[in-house]
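Taken in sequence, the protein lines are chains A and B. In this text, residue positions in the first sequence follow numbering that gives the first Met the number 0: the first is 0, and each later residue adds one. In this text, residue positions in the second sequence follow numbering that gives the first Met the number 0: the first is 0, and each later residue adds one. Where is the CB? At the ideal position from N, CA and C, for every residue including glycine. None of these values were measured; they are calculated from a predicted model.
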Amino acid sequence: MTTLERLLSEHPFFKDLDPRYIKLIAECAREVTFKAGEFIFREGDPSNKFWLIRSGKISLEVFAPGRGPIMIETLGEGDVMGWSWAVPPYRKQYDARALELTRALEFDALCIRGKCDEEPKLGYELFKRFAQIIGQRLQATRIRLIDIYGSHA
Amino acid sequence: MAVTLKPQVITEVFTDPMVPVPYRVRRVRRETADTFTFEYEALDGRRFPFAPGQFNMLYLFGVGEVPISISGDPAHPELLVHTIRAVGTVTKPLCQAKPGDIIGVRGPFGSSWPVREAAGNDIVIVAGGVGLAPLRPAIYYILNHRGEYGRVVLLYGARTPGDMLYKKELAEWRGRFDLQVEVTVDAARPDEWQGNVGVVTTLIPRAHFDPHHVTALVCGPEIMMRFTILELQKRGLRDDQIYISMERNMKCAIALCGHCQYGPHFVCKDGPVFRFDRVKEIFGRREI
Numbered sequence: 000m001t002t003l004e005r006l007l008s009e010h011p012f013f014k015d016l017d018p019r020y021i022k023l024i025a026e027c028a029r030e031v032t033f034k035a036g037e038f039i040f041r042e043g044d045p046s047n048k049f050w051l052i053r054s055g056k057i058s059l060e061v062f063a064p065g066r067g068p069i070m071i072e073t074l075g076e077g078d079v080m081g082w083s084w085a086v087p088p089y090r091k092q093y094d095a096r097a098l099e100l101t102r103a104l105e106f107d108a109l110c111i112r113g114k115c116d117e118e119p120k121l122g123y124e125l126f127k128r129f130a131q132i133i134g135q136r137l138q139a140t141r142i143r144l145i146d147i148y149g150s151h152a
Numbered sequence: 000m001a002v003t004l005k006p007q008v009i010t011e012v013f014t015d016p017m018v019p020v021p022y023r024v025r026r027v028r029r030e031t032a033d034t035f036t037f038e039y040e041a042l043d044g045r046r047f048p049f050a051p052g053q054f055n056m057l058y059l060f061g062v063g064e065v066p067i068s069i070s071g072d073p074a075h076p077e078l079l080v081h082t083i084r085a086v087g088t089v090t091k092p093l094c095q096a097k098p099g100d101i102i103g104v105r106g107p108f109g110s111s112w113p114v115r116e117a118a119g120n121d122i123v124i125v126a127g128g129v130g131l132a133p134l135r136p137a138i139y140y141i142l143n144h145r146g147e148y149g150r151v152v153l154l155y156g157a158r159t160p161g162d163m164l165y166k167k168e169l170a171e172w173r174g175r176f177d178l179q180v181e182v183t184v185d186a187a188r189p190d191e192w193q194g195n196v197g198v199v200t201t202l203i204p205r206a207h208f209d210p211h212h213v214t215a216l217v218c219g220p221e222i223m224m225r226f227t228i229l230e231l232q233k234r235g236l237r238d239d240q241i242y243i244s245m246e247r248n249m250k251c252a253i254a255l256c257g258h259c260q261y262g263p264h265f266v267c268k269d270g271p272v273f274r275f276d277r278v279k280e281i282f283g284r285r286e287i
């Protein structure tokens, strides 16, 4: 098992994934480091990558004219960043910026899509996991929409 | 707004739970735009022993009475502390009180956080918004008896960085080596906040505790508690390991009037702190 395969299998997102698939996915991955303050992507960028965060903290931001940047979510160790690579129009919806030194595993989404085409079972497994992440983010967004801490609370 | 009482009245010792005891505002601290922490002292110098999680009925003469959780340190019964959010007919003028003003106090009432029973366990405290106030006495107690517990985790969610309570204490607690403190806000600007952004439930998967030997204390808006319980259950907690603090329209505070009836319970007497397995069948039901 290579170092990259070991890092992949240790990440919660790939917990219990068949080692055969880990090996396949590793061919599309590389280790990356982002310095504090560094933008990882900007809104509107083509979405051809996603990341598994190993350490550090990343903020997802929206820029509102007149208000400046607004942090809408932070992601940290064990989180997955980016799912717009999986659905059209394959564009980033937010800005992502490292709040502190961040280490991650970066994936080439085109390469991953190719692997999924070759191995539909891997694709199914991967999309099940991404669906869970998307569901969690949707639920978190809905909770915040309620404004639970507002004056009516 | 408050009325100053005559000296001969204030020296009386009341024992009737329906009769308010006069307390003087000693100190006021603004926590957020609409939330204030008040320190009160009894005019007759009496001490105020209470258990973490209990509440008082605070009476603003001529205006009305409201139930407010006690947010002070149970090791310092000489001082009564309440954190109050100015949202209603009584709490708005109550929050305008100045040092020297007099209010009436009945209490303490209700059940408490199981801090003694939880000795030997890890503790995870999950607070949302002003829900940190009823939990603060439990935090004080646990920190005063730190050796009796395993890992202690405090997870706190607020609307914005400006809406966080007890910022100075949170910073002190974060600096301790024997306490994991994680704070998150719903939204923030990068120039005002470098911490977590997201709902408080997102902190639970990353918290360090043993799910088989942990007691969870949860307080906040009911919706927040519902999602928090789901996340705690995902971590493997049983319903009898989770305690919540409920809020209902309390009037008499001694289980007579029925205003705070919650299924078979009276929140003022059986609560406000409930072990979750005892209310799970009715928790979150809109008809109750």
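By the Cβ criterion, the region 64-72 of chain A is not in contact with the region 128-135 of chain A, since fewer than three pairs of Cβ atoms, one from each stretch, lie closer than 8 Å. Lys-97(B): not part of any alpha helix (DSSP H); DSSP gives it neither H nor E.
With fewer than 16 other CB atoms across the displayed protein chains lying within 10 angstroms of its CB, Tyr-123(A) is exposed. His-212(B) and Asn-120(B) have their C-alpha atoms roughly 5 Å apart. Restricted to the region 89-160 of chain B, the alpha helix (DSSP H) segments that are unbroken, complete and at least 4 residues in length are 90-93, 131-143, listed in chain order.
The three-state reading of DSSP puts Arg-277(B) in helix, counting H, G and I together. If only complete runs of 4 or more residues are kept, the region 41-129 of chain A shows the alpha helix (DSSP H) at 108-117, in order along the chain.
Rounded to the nearest whole angstrom, the C-alpha separation of Asp-162(B) and Val-123(B) is 22 Å. Here the region 103-117 of chain A makes no contact with the region 185-193 of chain B; the two share fewer than three CB pairs at distances below 8 Å. Look at the region 17-42 of chain A: it has no residue with a C-beta under 8 Å from a C-beta of chain B. Inter-residue distance for Leu-164(B) and Val-65(B) is about 20 Å (C-alpha atoms, whole angstroms). The way I'd put it, the region 205-221 of chain B does touch the region 179-188 of chain B; three or more beta-carbon pairs between them come closer than 8 Å. Cα atoms of Glu-77(B) and Asp-269(B): separation of roughly 26 Å, rounded to the nearest angstrom.
The Cβ neighbour count for Val-184(B), taken over all protein chains shown within 10 Å, is at least 16; the residue is labelled buried. Between the alpha carbons of Gly-71(B) and Ala-137(B) lies a gap of roughly 9 Å.
The C-beta of Glu-72(A) comes closer than 8 Å to at least one C-beta of chain B. When C-beta atoms of the region 108-115 of chain B are compared with those of the region 43-58 of chain B, three or more pairs fall below 8 Å, so the two segments count as touching. For the pair of segments examined, the region 130-145 of chain B was found not to touch the region 225-237 of chain B: the number of CB pairs separated by less than 8 Å stays below three. The beta-carbon of Glu-60(A) is placed less than 8 Å from the nearest beta-carbon of chain B.
Not one beta carbon of chain A lies nearer than 8 Å to the beta carbon of Thr-34(B).
The Cβ-Cβ distance between Val-272(B) and Met-249(B) does not fall below 8 Å. Counted as a single uninterrupted DSSP element, the alpha helix (DSSP H) harbouring Arg-19(A) occupies residues 18-25. Taking 8 Å as the cut-off, the Cβ atoms of Phe-33(A) and Thr-101(A) count as close.
In this structure, the CA atom of Leu-144(A) is about 18 Å from the CA atom of Tyr-155(B). Its chain contains Val-24, Arg-25, Arg-26, Val-27 as the residues whose beta carbon lies nearer than 7 Å to that of Pro-98(B), once the 5 sequence neighbours on both sides are disregarded; these appear in chain order. Interface criterion met: the Cβ of Ile-222(B) is under 8 Å from a Cβ in chain A. For Arg-84(B), the beta-bridge partners assigned by DSSP are Thr-34(B).
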